[in-house]
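In this note's numbering, the protein residues as written are 196 to 346. Cβ atoms here follow ideal geometry from the backbone N, Cα and C, with glycine treated the same way. Just so we're clear, the structure is a prediction, and the values are computed from it rather than from any experiment.
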Amino acid sequence: MSNISLAILCLVALATTQLSSAQNSQQDYLRAHNEARASVRVGPLRWDNKANQRKGDCILVHSGGPYGENLAWSSGDLTGTAAVKLWVNERPKYNYNSNTCVGGECRHYTQVVWRYYVRLGCARVKCNNNRGTFVICSYDPPGNVAGKRPY
Numbered sequence: 196m197s198n199i200s201l202a203i204l205c206l207v208a209l210a211t212t213q214l215s216s217a218q219n220s221q222q223d224y225l226r227a228h229n230e231a232r233a234s235v236r237v238g239p240l241r242w243d244n245k246a247n248q249r250k251g252d253c254i255l256v257h258s259g260g261p262y263g264e265n266l267a268w269s270s271g272d273l274t275g276t277a278a279v280k281l282w283v284n285e286r287p288k289y290n291y292n293s294n295t296c297v298g299g300e301c302r303h304y305t306q307v308v309w310r311y312y313v314r315l316g317c318a319r320v321k322c323n324n325n326r327g328t329f330v331i332c333s334y335d336p337p338g339n340v341a342g343k344r345p346y
């Protein structure tokens, strides 16, 4: 392999590494959530490491723990911001006037914009020998109460 080929290979590997770590930082999770929250005039969240307790868990089941939760799983690579986007993309299914989901799921969206949340903790983990990605975001204090408007 020539030196030029090796250099190009190293640059591609470095770029791939940078892309895979992009959109998974605390700031990325906060930015994605806070942009959605700002669009409905709800205050920003701040990061809480305590709310980030299931980072080694690949089980797509709500924990029933002391936090509100959103879960996402993909058989491929799923960034943290892509997971938040999946949840926020449920917005058109939420009808504020009737406080109901119309034509599908919207409770992930209402979880993101729940006005009483102040802290956020998220984690992303590769599962099944890198054949899937699990993303969880936990919200504190708990909320997203059925029958109450999120904002």
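In this structure, P345 places its C-beta atom within 7 Å of the C-beta atom of W309. For T276, the number of other beta carbons within 10 angstroms of its own is at least 16, and it is reported as buried. The continuous beta strand (DSSP E) containing K321 extends over residues 314-322. Setting aside the 5 residues that flank it on each side, G263 is surrounded in the same chain by Q306, Y334, P337, G338, N339, each with a C-beta closer than 6 Å to its C-beta; the list follows chain order.
Nearest to V320 by alpha-carbon distance, out of Y312, I331, Y311, is I331. Residue pairing for R241: DSSP places it in a beta bridge opposite R314. Residue pairing by DSSP places C296 opposite Y289 in a beta bridge. One Cα belongs to R314, the other to Y289, and the distance between them is close to 23 Å.
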